[in-house]
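If you're matching positions, the sequence shown starts at 3 in UniProt numbering and goes up one per residue. One structure is given below, encoded as structure tokens.
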Amino acid sequence: IQRTFSIIKPDATKRNLTGAINAKIEAAGLRIIAQKRIRMTREQAETFYGVHRERPFFGELVEFMISEPVVVQVLEGENAIAKYREVMGATDPDEAADGTIRKDFALSKGENSVHGSDAPETAAEEIAYFFAGLDLV
Ligand code: ATP
Ligand code: MG
């Protein structure tokens, strides 16, 4: 059993798609074991996407992530990290497979509805950054 960290991004919360996205998460066999709606601070967004600091889209990405509240989540299940990335689909919705969250809901490569951790180390870091251990059962 593995855990991964998920964010339902501003383009999706704004369009009231949290439930529709959660339905796809649950249908894939992943359990939502923690969830809260927060307004990310600029500092949190810059730290969270720190690996992309030098990329041309960094400023736009930070502004987007703080533009509306987001829903941060912890998902649990067999192979949760890889499984959730499959459910999310490719970063660019035009390249995402049918039935994936990004294919069905994302607006663009930037406004692409969800984030999911890409490895066990980043999953652990991202979960610890947004949730205290006691919040997870
Ligand atoms: P995430 O890390 O959010 O789960 P990802 O792993 O599919 O998505 P990354 O390459 O890590 O994609 O990029 C992080 C985020 O930065 C993307 O989800 C997207 O919101 C934004 N992004 C990536 N590439 C671009 C781009 N070319 N133009 C605009 N925004 C981009
Ligand atoms: Mg990524």
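Even glycine gets a Cβ: it sits at the ideal position worked out from N, Cα and C.
- Note: A36 is bridge-paired with V76 in the DSSP secondary-structure output.
- If you look at G118, you'll find it in the beta strand (DSSP E) that goes V116 to G118.
- In the DSSP assignment, I83 falls within the alpha helix (DSSP H) that extends over A82 to M90.
- Below 8 Å, enough C-beta pairs join the segment 13 to 23 and the segment 99 to 113 to call them touching: three or more.
- Secondary structure at R57: coil, using DSSP grouped into helix, strand and coil.
- Nearest in C-alpha terms to R17, of all of M90, G91, E70 and A84, is E70.
- In summary, V139 is exposed, with fewer than 16 beta-carbon neighbours lying within 10 Å of its beta-carbon over all protein chains present.
- If you check the C-beta of E56 against the ligand ATP, you find no heavy atom less than 7 Å away.
- Residues of the same chain with a CB within less than 7 Å of the CB of A30, apart from the 5 flanking positions on each side, are K85 and V89 in chain order.
- Between the segment 86 to 106 and the segment 116 to 133 there are three or more inter-stretch CB-CB distances shorter than 8 Å, so the stretches are counted as touching.
- Using a 10 angstroms sphere on the CB of R44, the tally of other CB atoms stays under 16, which defines it as exposed.
- Beta-bridge pairing by DSSP links T6 to L77.
- G135 carries a helical assignment under DSSP once its states are collapsed to helix, strand and coil.
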